[in-house]
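>
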Amino acid sequence: MGWPECNVFPVSPAIYVTDNGTQTINITCDHEEENNRRVINELKVFCQHLLDYNKRTFKKFMQDIEREYRERISTNKKLRCENEDLKMQLQEAEKELASMKSDSIHSASKVYPSPI
Numbered sequence: 001m002g003w004p005e006c007n008v009f010p011v012s013p014a015i016y017v018t019d020n021g022t023q024t025i026n027i028t029c030d031h032e033e034e035n036n037r038r039v040i041n042e043l044k045v046f047c048q049h050l051l052d053y054n055k056r057t058f059k060k061f062m063q064d065i066e067r068e069y070r071e072r073i074s075t076n077k078k079l080r081c082e083n084e085d086l087k088m089q090l091q092e093a094e095k096e097l098a099s100m101k102s103d104s105i106h107s108a109s110k111v112y113p114s115p116i
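Here is the structure:
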């Protein structure tokens, strides 16, 4: 008597399928679609990481630029006001000089009357 027969690899019934190419194409299409989905998902994740990185990296840079811009606007407004004040002072000084010149011509004509 020998050892009992043990079917470790059971015999499966043979199935014969004719290859008309449709299965291969469908499998390829399925793989392409899956790959496309994976790539798109990876791109979405990468995009989000890039946006987060840009926010972290450039946030202070942009804040500094905005602060400097506001400071320049404020300084420009002050300089414009000072410029307007100086223009007013200049106009007053010109009026005063014109008045003094007129007075000196007028008083000189009294001192030295014209010979006519």
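At position 44 of the sequence shown the residue is numbered 44 (full-length UniProt numbering), and the sequence of numbers has no breaks. Built from N, CA and C at the ideal position, the CB exists for glycine as well. Since the model is a prediction, treat every value here as computed from it, not as a measurement.
(1) Under 7 Å Cβ to Cβ from K78, same chain only, skipping five residues before and after it: list those, please.
(2) Between the alpha carbons of R56 and E32, how many angstroms are there, rounded?
(3) Could you tell me the alpha carbon to alpha carbon distance between residue 117 and Q63, rounded to whole angstroms?
(4) Could you tell me the alpha carbon to alpha carbon distance between I105 and K87, rounded to whole angstroms?
(5) Pull up the distance between the alpha-carbon of N36 and that of E42, whole angstroms please.
(6) In angstroms, rounded to a whole number, what distance separates the CA positions of H49 and T75?
Concretely, from the data shown:
(1) none
(2) 36 Å
(3) Outside the displayed span of the chain (1 to 116) sits residue 117, for which this structure offers no information.
(4) 27 Å
(5) 10 Å
(6) 39 Å
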